[in-house]
Amino acid sequence: MSKVELKNVTKIYDKTNKAIDNLSLTINNGEFFILLGPTGAGKTTTLRSIAGLEKINSGKILFDEEDYTSIQPAFRDTAFVFQQFSLYPHYKVFDNLAFPLKSRLRNFSKEDIKEKVEKIAEMLKIKSKLNNKATELSGGEMQRVAIGRALVREPNIYLMDEPLSSLDAKLRETLRVELKNIQRNLGATILYVTHDQAEATTMADRIGVLEEGKLVQVGTPEEIYNNPKSTYVAHRLGSPRINIVNEDILALEDKPSNTKKLGIRPENIKVNTGNYEGKIRTIESLGAETVISIDYKQIELLALFQGIFKGIKGENIKFDINTNNILYFNDKNESIR
Numbered sequence: 299m300s301k302v303e304l305k306n307v308t309k310i311y312d313k314t315n316k317a318i319d320n321l322s323l324t325i326n327n328g329e330f331f332i333l334l335g336p337t338g339a340g341k342t343t344t345l346r347s348i349a350g351l352e353k354i355n356s357g358k359i360l361f362d363e364e365d366y367t368s369i370q371p372a373f374r375d376t377a378f379v380f381q382q383f384s385l386y387p388h389y390k391v392f393d394n395l396a397f398p399l400k401s402r403l404r405n406f407s408k409e410d411i412k413e414k415v416e417k418i419a420e421m422l423k424i425k426s427k428l429n430n431k432a433t434e435l436s437g438g439e440m441q442r443v444a445i446g447r448a449l450v451r452e453p454n455i456y457l458m459d460e461p462l463s464s465l466d467a468k469l470r471e472t473l474r475v476e477l478k479n480i481q482r483n484l485g486a487t488i489l490y491v492t493h494d495q496a497e498a499t500t501m502a503d504r505i506g507v508l509e510e511g512k513l514v515q516v517g518t519p520e521e522i523y524n525n526p527k528s529t530y531v532a533h534r535l536g537s538p539r540i541n542i543v544n545e546d547i548l549a550l551e552d553k554p555s556n557t558k559k560l561g562i563r564p565e566n567i568k569v570n571t572g573n574y575e576g577k578i579r580t581i582e583s584l585g586a587e588t589v590i591s592i593d594y595k596q597i598e599l600l601a602l603f604q605g606i607f608k609g610i611k612g613e614n615i616k617f618d619i620n621t622n623n624i625l626y627f628n629d630k631n632e633s634i635r
């Protein structure tokens, strides 16, 4: 595995569209790094540029401090996992997994290939499917094979483009845990892109937040959640979403003088107590938790209640806010504390 560095990388489409804008980033050897951002932020273009599938306009791409900017994709030794399964339907699972090991650039014996394939199949819990054709698998099994096909190699870096997004919620949750455990066991370097904050917080060693091709913040999930540099970053992590409201909605004595907006996480609003009063808009039961939408001074506040909430839409509700955890933003939507 390798340390991968991007230095001032820019990729422009159609002469004016900057998909990546002067991006500098280091993914450390053995790190699970996640690029987080909405559609169009530049996540996939970053992956494709590292793999050599896109030619960058300026900047450098280094593997272990060696310049790979102009090296052909076949010689960069990256493993790419796409959102779609991209399996060979007429091949058995074993042959799909073994395919990358049969390249002329590699010199593995049949015994080596068998050992590597069976090891990864065991990790991904698909060993019993090795003799099945790809068309005989469920969607979750197909994606395990697609991930396994990358894992059988020992490339410089694994590049994963939202590989779990097409799966159902329960299976995504299971595979998130398994993929993180496999990454730790292999000591693999992974760059994983997603717009799903749950994937980012549960799997990443560090997260990089992208906005229109620019890297706007890098840190651990905890750092980015607790200390976002902007309202844009604050919105990227947290479910239910953070409440961003005008500063005059609350009478706070010690707020910074240039405060224009406040960020209030739903878990910092306690209901059925306190000096604030609003009206219940909606109640969303999530089982162990309940999301309550409160109408307060004609704005919506989301509160997170632990357990099942017994309330009725339209009735008044008292609530309190933990002001110690409020985030403060200026008129440019930048954090100021």
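Numbering-wise (this note's numbering), the sequence shown opens with residue 299 and increments by one. The C-beta atom is built at its ideal place from N, Cα and C for all residues, glycine as well.
Name the residue from Ile-369, Asn-541, Lys-309, Asp-319 whose alpha carbon lies nearest to the alpha carbon of Leu-513. Nearest of Ile-369, Asn-541, Lys-309, Asp-319 to Leu-513, Cα basis: Asp-319.
Rounded straight-line distance, which links the Cα of Val-307 to that of Ser-368: Here the C-alpha atom of Ser-368 lies approximately 13 Å from the C-alpha atom of Val-307.
Please state the DSSP three-state secondary structure of Thr-492. Three-state DSSP puts Thr-492 in a strand.
Select from Asn-541, Ile-610, Phe-617 the residue whose C-alpha is nearest the C-alpha of Asn-573. Asn-573 has its Cα closest to that of Phe-617, out of Asn-541, Ile-610, Phe-617.
Just list the residues that DSSP pairs Asp-459 with in beta bridges. Note: Asp-459 is bridge-paired with Val-491 in the DSSP secondary-structure output.
Tell me the DSSP bridge mates of Glu-594? Looking at the sequence itself, residue 594 is Tyr, so the reference to Glu does not match. DSSP lists Ile-597 as the beta-bridge partner residues of Tyr-594.
By Cβ distance, which residues of its chain are closer than 8 Å to Leu-600, with the 5 residues on each side in sequence left out? Cβ neighbours of Leu-600 beyond the five flanking positions: Pro-538, Arg-539, Asn-541, Pro-564, Ile-567, Val-589, Ile-590, Ser-591, Ile-592.
Measuring straight from C-alpha to C-alpha, what distance separates Asn-479 and Ala-549? A straight-line Cα-Cα distance of about 47 Å links Asn-479 and Ala-549.
Tell me, please, whether the region 369-385 touches the region 311-329 by the rule of three or more beta-carbon pairs shorter than 8 Å. Under the 8 Å Cβ criterion, the region 369-385 does not count as touching the region 311-329, having fewer than three qualifying pairs.
What is the rounded straight-line gap between the Cα of Leu-321 and the Cα of Glu-613? Spanning the two alpha carbons is a distance of roughly 50 Å.
Cβ of Glu-551 less than 8 Å from any chain D Cβ? Among the chains of the structure shown, chain D does not appear; only one protein chain is present.
Which partner residues of Asp-319 appear in the DSSP bridge assignment? None; Asp-319 has no bridge partner.
Are there three or more Cβ pairs, one per stretch, closer than 8 Å when the region 485-499 is compared with the region 400-409? Result no; under three Cβ-Cβ pairs closer than 8 Å.
Taking C-alpha atoms, which residue in Leu-333, Lys-301, Gly-350, Phe-331 lies nearest to Lys-309? The candidate whose alpha carbon is nearest that of Lys-309 is Gly-350.
Using three-state DSSP, classify Gln-382 as helix, strand or coil. Coil, per DSSP.
Reduced DSSP secondary structure (H/G/I, E/B, other) of Ser-347: Three-state result, Ser-347: helix.
Could you tell me whether the Cβ atoms of Ser-384 and Ala-444 are closer together than 8 Å? In contact: Ser-384 and Ala-444 (Cβ atoms closer than 8 Å).
List, from N- to C-terminal side, the beta strand (DSSP E) runs of 3 residues or more that fit wholly inside the region 552-583. For the region 552-583, whole beta strand (DSSP E) runs of length 3 or above, ordered along the chain, are 559-562, 567-583.
Taking the CB atoms as reference points, tell me whether Ala-532 and Gly-511 lie closer together than 8 Å. For Ala-532 and Gly-511, no; Cβs fall outside 8 Å.
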